[in-house]
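Protein chains in written order, with our numbering: chain E, 133 to 244; chain D, 548 to 661.
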């Protein structure tokens, strides 16, 4: 039972354009949502998060949008840079505990 | 550098064998989490320890076990290894056992079972 899904395994975008990564979840008990970025041969690193009481959170070039009624969130990267090429994981957690449930990841390639 | 140290980075072994993966959390972090990432898949939660005690359990096989020691480092023991156990095993740590906290991941231990 995959509670967090990233339906696009890969995404290719031109440098300077917008990258939009999508994530869907099924468990209505999830209260916080996070995006992690992973480069090859490295561990995932935290990128940005959003609480379920918000619908948008912005940090520099990264913005996460949450549509709680649709159980859907997205990550926007504007403008995309070659250094953004990585695998992005969506993750969710319940209010209690820090256990994260991850999606399958989306591989982003930003072309110069 | 996340501050989480995992050893070994790479490990090749045979089916039926047993291995131990080690994790040192960030200084001050009390919680340790183990995740498994099989070939190009998402991270599957295995188990969490908080200050030496098991806090949460995921889809961890009975052949796998873990513990967290008084110095807060953790070990993941994998026994009777099968080909399908080949994966990246990540350890992560956080300050507390609950609440809103990001996890800090190590670089992972890549296990290859031949």
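Where is the CB? At the ideal position from N, CA and C, for every residue including glycine.
Item                                                                                                                          : Value
In chain order, each beta strand (DSSP E) run of at least 3 residues that lies wholly inside the region 159-221 of chain E    : 162-170, 177-183, 188-191, 194-199, 204-209
Proximal residues of chain E, C-beta to C-beta of residue 613 of chain D below 9 Å                                            : Result: empty, since nearest Cβ-Cβ is about 14 Å, beyond 9 Å.
Proximal residues to residue 615 of chain D (C-beta, below 7 Å), its chain only, five neighbours per side dropped             : 579, 596, 599, 621
Residue 628 of chain D in three-state terms, based on DSSP                                                                    : coil
8 Å Cβ cutoff, residue 590 of chain D in contact with chain E                                                                 : yes
Outcome for residue 609 of chain D when other beta-carbon atoms lying within 10 angstroms are tallied against a minimum of 16 : exposed
Test: residue 211 of chain E CB closer than 8 Å to a CB of chain D                                                            : no
C-beta atoms of residue 197 of chain E and residue 188 of chain E nearer than 8 Å                                             : yes
Interface partners of residue 233 of chain E on chain D, CB under 8 Å                                                         : 592
Residue 623 of chain D beta carbon less than 8 Å from that of residue 611 of chain D                                          : yes
Meets three-Cβ-pair contact criterion under 8 Å: the region 153-165 of chain E and the region 216-229 of chain E              : yes
Distance CB(residue 175 of chain E)-CB(residue 655 of chain D) smaller than 8 Å                                               : yes
Beta carbon proximity, residue 514 of chain D to chain E, threshold 8 Å                                                       : Nothing in the structure corresponds to residue 514 of chain D, since chain D is present only between 548 and 661.
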